[in-house]
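See structure below.
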Amino acid sequence: MVSPIVTTYVDAALSQLRRFDLMRWPGKLPDSMRDDSIPPSDDWVEWKAIPSTVSEADLNALERETELPFPPLYRDFLRYRHFVDLTERGVRFERHLSNDWSKVLREGYFNSWPRERILDVGLLPFGSESQMDAGPVCFDTKRRNAAGDCPVVFWDHEWVGTENEVQPMFSSSAKMFECLSIVATNDLNFVYHDDSDDPALLPKKQALLAKFLGMDPEGAGGPARAYWTCWGVTPAA
């Protein structure tokens, strides 16, 4: 049984992509993920999410290879749906196609980033930081709680060897999915605002960001608050 924390986010994210007509991809898709009811446009093919074929045995094998435990909700996430993209704000999940999902994850684990600074210190990468392309977003498996969940952090390649090399995002995978559900159910980008944006939208952005931060007071609204409030929106006091 997949946790509703996971299904709520994934379903809302997919619905948001449909609203914006963003379920198109120029790459090769498994036949089962092609949506042939919509004709291709300039080589961009419409895709659809399908039930995941990932098994517990598959995930156990990856855990053995990385020697790091997967948070239970992340296991649910990988076993719920195959997809190309999901709504992103801060976190861009790895592509999760039915035919190459494990290859994509292994590439992120073993070839994309210096192992001695990621896997070997207990950081399990599962996506990338999307606001400034800092580097991989990871589970900090050395700080697991009693339920097996752990904080979500990002590794910043610009700050290697400094105290800012690993920076906080969320207090746990549960809070990450809950916060991202707020993103997926609101089409306004409430994290970002600059002089070119309609100033009338700022109060609504501030209210939504306050809700987002309040969902995770020990993570996004706590140690990671500086990250989430540095893009032009600061919740009203």
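The numbering of the sequence shown is UniProt numbering, which starts it at 1 and goes up by one.
The beta carbon of each residue, even a glycine, is placed where N, CA and C say it ideally should be.
Closest Cα partner of residue i within the set the options
i           : options            : result
residue 73  : 190, 218, 173, 217 : 173
residue 12  : 214, 206, 187      : 187
residue 120 : 76, 51, 142        : 142
residue 4   : 76, 116, 220       : 76
residue 220 : 196, 107, 67, 176  : 176
Cβ neighbours of residue i in the same chain (closer than 8 Å, five flanking residues each side left out)
i           : result
residue 303 : Nothing can be reported for residue 303, as the shown portion of the chain is limited to 1 through 237.
residue 44  : 24, 25, 26
Cut-off 7 Å between Cβ atoms - residues of its own chain near residue i, not counting five sequence neighbours on either side
i           : result
residue 235 : 206, 209, 210, 213
residue 167 : 153, 154, 156, 227
residue 63  : 69, 70
Three-state secondary structure assigned by DSSP to residue i
i           : result
residue 178 : helix
residue 157 : helix
residue 192 : strand
residue 38  : coil
residue 132 : coil
residue 127 : strand
residue 149 : coil
Beta-carbon proximity list for residue i, same chain, < 6 Å, skipping 5 on both sides
i           : result
residue 127 : 91, 92, 93, 94, 137
residue 159 : 165
residue 100 : none
residue 49  : 14, 81, 83
Contact under 8 Å by Cβ, residue i with residue j
i           : j           : result
residue 98  : residue 82  : yes
residue 170 : residue 183 : no
residue 54  : residue 34  : no
residue 131 : residue 231 : yes
residue 139 : residue 71  : yes
residue 180 : residue 9   : yes
residue 69  : residue 148 : yes
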